[in-house]
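Numbering (this note's numbering), first residue to last: 204 to 978.
Every residue, glycine too, gets a C-beta built ideally from N, C-alpha and C.
Structure representation (structure tokens):
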């Protein structure tokens, strides 16, 4: 969609305003550079209408696919066996798996529960969003739609129920067990084979960096926030950037996940926030003791209980284009549905049931509205604690008054430490970072009800960690334990995370940035502090290399002098000479970055982000009293490090990647036939591309820099630099398909206007005025 097309849309919209009534809602959409819509309305109905319209105009195909997913209709339109993927779990599954499990988890009862929990504002918002999407669909004939979905039967009007299904899909954990739910079948005749071939890896990729500096660390005495979510670029998870305003009530700029009607991460006039994926267990898998005479009966406190059968039906497109009805049977317990995998098998004696604490969470939209309305981090903490509507994430925030917040106020099962210790069973399985395994044969192991909780048996906010300070808070997906060096948070349930254990390397590097700001120049401006933060992020320093590379090179040189194996000496010399010349960064001109990246992958434990917990690797072990300085140094008493370096070089050699290739030559994406070389790597500034033989690191992309924001404040309000690295649109014909990816490659930020006059001055086309005639 080009700017002149925006003008044409404005003419169409203006022509439709005649005959409006006082009770109708109005929305104005103004696009600024890079396709960022600024939607303004006097009420939430109009706001939803405007955002639904704008979102559809930006990425109709992707949004339509999102709603196809959450309706459980992929197989109806795309066929049963077509594959759809989970970027988080790095696996694919058939469309029928998506559809059957979606219909199980987001059934009519779940949608009704979501609707019952809506405030009047949220109810108006979702209805407006659906109607705005539909308005764009009505206004845009098929021949003017993006080629990727032109003529597709699955591009169709949506309902407010579809928006609620999208909200529900974002809050529960059960969707991460779709294959396990689908495959659950009693042992015996007709039992299904377990899917070792498509089992996911540990979901360690989803992460983020967040650093909030208070008045003690900024020269101007106001807060400064870095939000750097490492998230996904594809459907359905990627971000869309927007600015949504109901004057005097809600005025938030930032990004929302596709199909969500509100901002997930962003800033308002006096406060900015971001999220990182938290370490909490979001669900419990209950290990069931089965009746020896019947594997569909389980024992609780010595008494047998029958499982319930739940049959789900879906429509499936056949090879000849016809549609047939298909059925699948699920098994339910009082804890939740039964799951099955190679690691969690259903035998004649044991089975496993998934208890998801957020399966019926109805507070999410209410929470997002409350966050946007909060004017300070203290108000933000209050609304988070009162609602407890977030899932998955920590919240890190800074405000204009110079205070900063860390809060792990996401809803999780209420399992106190004594219950956790008495009931938890250690089992390794692919989603072990998401759910703990507990004894289902004893009622004493159930989640605890607590009158302080907002939702019965979820953990109350009083039992969860939070900190407000004028110093700093940092989180890069380590636990809550050390978000500020001076103020450890301790004494919490193991359901939330680990204490006094090694921090990941991104967390340690984030603390280094904060310490550097502690030496802030007293006369620097907000803009200069923001620039310092952006420079720190894009410095692309490899902190792991700073800790171990000198030792690795010394051991390499010593070994080359000792060995009589000429071939071994030659291969070591090739690798070590490259690393000796490497600048220890992941810039596009850095030679050796790829080799060290593969070395880092070789030495980290399976399922871990980095080598922090590889105790045998380090010469100085972790000390709880020195968490930012340990572990450090490379243990060269064994040959393991050099063997890992050899394997890394061999891996690159097999892929056809020269050891000394500039990173930008072998790390890139392609957009419309053009390469965009990307800096970053498996470091603080994260780009997670796939090593492809004879090409290099390219798509598919794992979790990576996505929507990024650096926000400070002056007397007027927010000053924000942002980047939506994946760009605003998935439409290959759009000018906003790759523009921000190109900006990222040049380390260039977008200065986003916030105030009406600035938005008007930076508009790239006439505003679109819509009248929403509510039925």
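For a quick check, are the C-beta atoms of residue i and residue j less than 9 Å apart?
i	j	result
residue 973	residue 249	yes
residue 476	residue 598	yes
residue 887	residue 740	yes
residue 410	residue 418	no
residue 894	residue 854	yes
residue 831	residue 752	no
residue 928	residue 227	no
residue 367	residue 329	yes
residue 729	residue 922	yes
residue 433	residue 467	no
residue 837	residue 805	no
residue 502	residue 491	yes
residue 943	residue 924	no
residue 559	residue 700	no
residue 607	residue 683	no
residue 465	residue 575	yes
residue 748	residue 799	yes
residue 326	residue 252	no
residue 389	residue 499	yes
Can you name, in chain order, every residue of its own chain whose Cβ lies under 6 Å from the Cβ of residue i, other than the five neighbours on each side?
i	result
residue 632	546, 547
residue 902	872
residue 402	Summary for residue 402: the model assigns pLDDT 41, below 50, so the residue's position carries little reliability; its value from the coordinates is reported in the next sentence. Result list for residue 402: 633, in chain order.
residue 361	270, 333, 336
Among all the DSSP beta bridges, which residues are the ones paired with residue i?
i	result
residue 534	512
residue 555	490, 542
residue 383	Beta-bridge pairing links residue 383 to no other residue.
residue 468	458
residue 436	Looking at the DSSP assignment, residue 436 forms no beta bridge with any residue, so it has no partner.
residue 518	528
residue 411	432
residue 479	597
residue 584	Answer is none; residue 584 lacks a bridge partner.
residue 369	Residue 369 pairs with nothing; no bridge assigned.
residue 971	232
residue 350	In DSSP, residue 350 forms no bridge with anything.
residue 671	608
Have a look at residue i and residue j and give me their C-alpha separation to the nearest angstrom.
i	j	result
residue 765	residue 772	9 Å
residue 570	residue 720	32 Å
residue 588	residue 664	6 Å
residue 727	residue 422	6 Å
residue 543	residue 278	23 Å
residue 496	residue 553	12 Å
residue 948	residue 880	6 Å
residue 622	residue 882	46 Å
residue 829	residue 706	11 Å
residue 578	residue 469	13 Å
residue 788	residue 373	35 Å
residue 638	residue 661	14 Å
residue 297	residue 593	30 Å
residue 774	residue 807	22 Å
residue 958	residue 732	22 Å
residue 311	residue 519	20 Å
residue 907	residue 435	6 Å
residue 841	residue 777	21 Å
residue 280	residue 526	9 Å
residue 735	residue 485	36 Å
residue 643	residue 563	21 Å
residue 978	residue 261	26 Å
residue 304	residue 295	14 Å
residue 443	residue 813	30 Å
residue 234	residue 794	40 Å
Given residue i, which residues of its chain have a CB within under 7 Å of its CB, disregarding the five upstream and five downstream residues?
i	result
residue 756	779, 782, 783
residue 349	263, 264, 934, 936
residue 352	263, 264, 267, 358
residue 762	775, 845
Quick one: residues in its chain with C-beta nearer than 8 Å to the C-beta of residue i, no 5 flanking neighbours on either side, listed in chain order?
i	result
residue 324	247, 572
Complete runs of the beta strand (DSSP E) confined to the segment 855-907 [at least 3 residues]: 871-874, 877-880, 893-895, 899-901
Segments of 3+ residues assigned as beta strand (DSSP E) that fall wholly inside the segment 557-581: none
Ordered list of beta strand (DSSP E) runs contained in the segment 617-658, each at least 3 residues: 638-642
Beta strand (DSSP E) segments (min. 3 residues) lying fully within the segment 800-831: 821-823
Ordered list of alpha helix (DSSP H) runs contained in the segment 263-300, each at least 4 residues: 277-281
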